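Colleague: Structure below; questions to follow.
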């Protein structure tokens, strides 16, 4: 109720622990059909005198909406639980997707785009479900919680009075996801990993080697990092600093790893795979490298050195 309309016909009703309102007549009808209030609920209207006592809803003009005929006319339309099932079992679907991606060391599983897209799609599904609840004619819809799925499912259950089955299913499927994906497939948390080491030419390994190369080149030549010193020595003194002077033209960035070619596996054990390759830099000579892929608790470690 706005300050400019103090005498509007608004309703208040006594809730469990507080007074709720103001509501217009249409909102009160929805509350009746939604069973937020019943015939014994104490109500008060702004059109009554200030000292007028509250009355039971059945004794007011709203009592006419308590009849079976009124309920048949105004009862909210049914809401499907299909999207609630999708939300509750969503972690199980990604249990299989992420297990395949992580088992095969697919870089998509750890990309920023993927990590952003999954919760975004999840929240959009919840938002569509929340909008369907609102459009069904109910007095309140759990719209504000669509971005926090467990809270949304709990609020939804309370609103529709359908029990907490979807919340508990979500919790169970989420725990199962964490155990299987990070405890078994990825390994190292609940049991040793059973997946093989990635190949020397795996795209994730190649990207990691490029990052190691670029970081080493960018370090100061006096760095205690042996990898940095060896690669910078191989590139030559002109390329050994993050930026090198090219006279009056200013400074140019240090070389970057454009590609890694001539990849070959040298040795392999259960825990370590040794490889050789050649880095093609954006400037300077081709740099032969050795690198190893070692299994560690909760993942793998890639180490590289120049040959």
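Residue numbers (this note's numbering): -13 to 293.
Where a beta carbon is used, it is the ideal one built from N, C-alpha and C, also for glycine.
This structure is a prediction, so every number in the text was calculated from the model and none was measured.
1. Look up residue 76 in the DSSP assignment and say whether it is helix, strand or coil.
2. Among residues of its own chain, excluding the 5 on either side of residue 75, which ones have a beta-carbon nearer than 7 Å to its beta-carbon?
3. If you check the beta carbons only, do residue 52 and residue 14 fall under 8 Å apart?
4. So, for residue 254: in the same chain, excluding its five sequence neighbours on each side, which residues have a beta-carbon less than 7 Å away from its beta-carbon?
5. Grab me the residues of residue 273's own chain with a C-beta within less than 8 Å of its C-beta, minus the 5 sequence neighbours each way, in chain order.
6. Tell me whether residue 38 sits in a helix, a strand or coil according to DSSP, three-state version.
7. Return the CA-CA distance between residue 282 and residue 80, expressed in angstroms with no decimal places.
8. In this structure, what does DSSP give as the bridge partners for residue 280?
9. Given a threshold of 16 other Cβ atoms within 10 Å of its Cβ, counted over all protein chains shown, does residue 37 qualify as buried or as exposed?
10. Please state if the CB of residue 89 and the CB of residue 171 are separated by a distance shorter than 8 Å.
11. Which same chain residues end up closer than 7 Å to residue 72 when comparing Cβ atoms and leaving out the 5 residues on each side of it in sequence?
12. For residue 84, does the count of other Cβ atoms within 10 angstroms reach 16, so buried, or fall short, so exposed?
13. From the DSSP secondary-structure annotation, give me the bridge partner or partners of residue 9.
14. Residue 131 lies in the alpha helix (DSSP H); which residues open and close that run?
15. Apart from the five residues just before and just after residue 122, which ones in its own chain have a Cβ nearer than 6 Å to its Cβ?
16. Just mark residue 248 as buried or exposed, buried being the case when its beta carbon has 16 or more other beta carbons within 10 Å.
17. Go ahead and pull the three-state DSSP assignment for residue 274.
18. Which residue wins for smallest C-alpha separation from residue 108, given the options 86, 91, 138, 97?
Modeller: According to the data block:
1. helix
2. 155, 159
3. no
4. none
5. 199, 217, 220, 221, 264, 265, 267, 292
6. coil
7. 24 Å
8. 258, 287
9. exposed
10. yes
11. 111
12. buried
13. -3
14. Looking at the DSSP string, residue 131 is not in any alpha helix (DSSP H), and its letter there is neither H nor E.
15. 62, 63, 65
16. exposed
17. strand
18. 138
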